[in-house]
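Just below is one structure, and these are the notes that go with it.
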Ligand SMILES: [Zn+2]
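Residue numbers (our numbering): 32 to 241.
Here's what the structure looks like:
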């Protein structure tokens, strides 16, 4: 959740978002692009987003009840509810996703906002969100970006192919992804479908048979 939610972002394809996330990880946590495992969202929000974008993390229990975290693009702050942050540090998978969602806003959307005049941004904020095409919807982009940051293709594809060669079912693959990358079943399912449903059935069958 963020107050960026009605901003109209630069249009992005899934592939572009993937590249943006890979470039960021190359710069900050290159080891994470080599070995499948859990991303460290604590380091991402508390250390790297400060180093790369000057953003600071503020733990704030005054956030609205419905809001776990919020990015303030002009204040240079990510506010996180203290209880949610504590849950994330204990490994709560849903909150790990929330943290990386906010990180994507900072990585891709904040630089776009900085380049615009504030009046135009204010006008855009008045737009009805329903009028924004999905590829320009910052919330769709940030959700896809969170999946890319938590489960980068560079490690996910070989990881899944190995499981397919062992004839693992889709359900077993999703459970393995969730355990190894420490994401929810729902995030693992979405990511698996997005990365592998665009590949041909033939490739999936070949991987399973080889
Ligand atoms: Zn958001």
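All C-beta atoms in this analysis are idealised placements derived from N, C-alpha and C, irrespective of residue type, glycine included.
So for residue i, helix, strand or coil by DSSP?
{"i": "residue 111", "result": "strand"}
{"i": "residue 65", "result": "coil"}
{"i": "residue 198", "result": "coil"}
{"i": "residue 72", "result": "helix"}
{"i": "residue 225", "result": "helix"}
Roughly how many angstroms separate the alpha carbons of residue i and residue j, rounded to a whole number?
{"i": "residue 97", "j": "residue 120", "result": "20 Å"}
{"i": "residue 67", "j": "residue 207", "result": "11 Å"}
{"i": "residue 177", "j": "residue 191", "result": "19 Å"}
{"i": "residue 32", "j": "residue 200", "result": "Unreliable placement is indicated for residue 32, whose pLDDT of 40 sits below 50; the coordinate value is still reported in the next sentence. The alpha-carbon atoms of residue 32 and residue 200 are separated by roughly 34 Å."}
{"i": "residue 122", "j": "residue 63", "result": "17 Å"}
{"i": "residue 195", "j": "residue 227", "result": "11 Å"}
{"i": "residue 55", "j": "residue 129", "result": "18 Å"}
{"i": "residue 139", "j": "residue 125", "result": "21 Å"}
{"i": "residue 100", "j": "residue 223", "result": "26 Å"}
{"i": "residue 83", "j": "residue 210", "result": "29 Å"}
{"i": "residue 137", "j": "residue 107", "result": "9 Å"}
Check for me: the beta strand (DSSP E) holding residue i runs from which residue to which?
{"i": "residue 92", "result": "Segment: none, residue 92 is in no beta strand (DSSP E) and carries neither H nor E."}
Would you give the residue range spanned by the alpha helix (DSSP H) that residue i belongs to?
{"i": "residue 100", "result": "Not the alpha helix (DSSP H): residue 100 falls in the beta strand (DSSP E), residues 100 to 103."}
{"i": "residue 54", "result": "45 to 59"}
{"i": "residue 210", "result": "201 to 212"}
{"i": "residue 40", "result": "Looking at the DSSP string, residue 40 is not in any alpha helix (DSSP H), and its letter there is neither H nor E."}
{"i": "residue 167", "result": "Element bounds for residue 167: n/a, residue is neither H nor E."}
{"i": "residue 131", "result": "124 to 135"}
{"i": "residue 145", "result": "141 to 145"}
{"i": "residue 121", "result": "Careful: residue 121 lies outside any alpha helix (DSSP H) and carries neither H nor E."}
Could you give the C-beta distance for residue i and residue j, rounded to a whole number, given that I count them as a contact under 8 Å?
{"i": "residue 184", "j": "residue 49", "result": "6 Å"}
{"i": "residue 89", "j": "residue 110", "result": "5 Å"}
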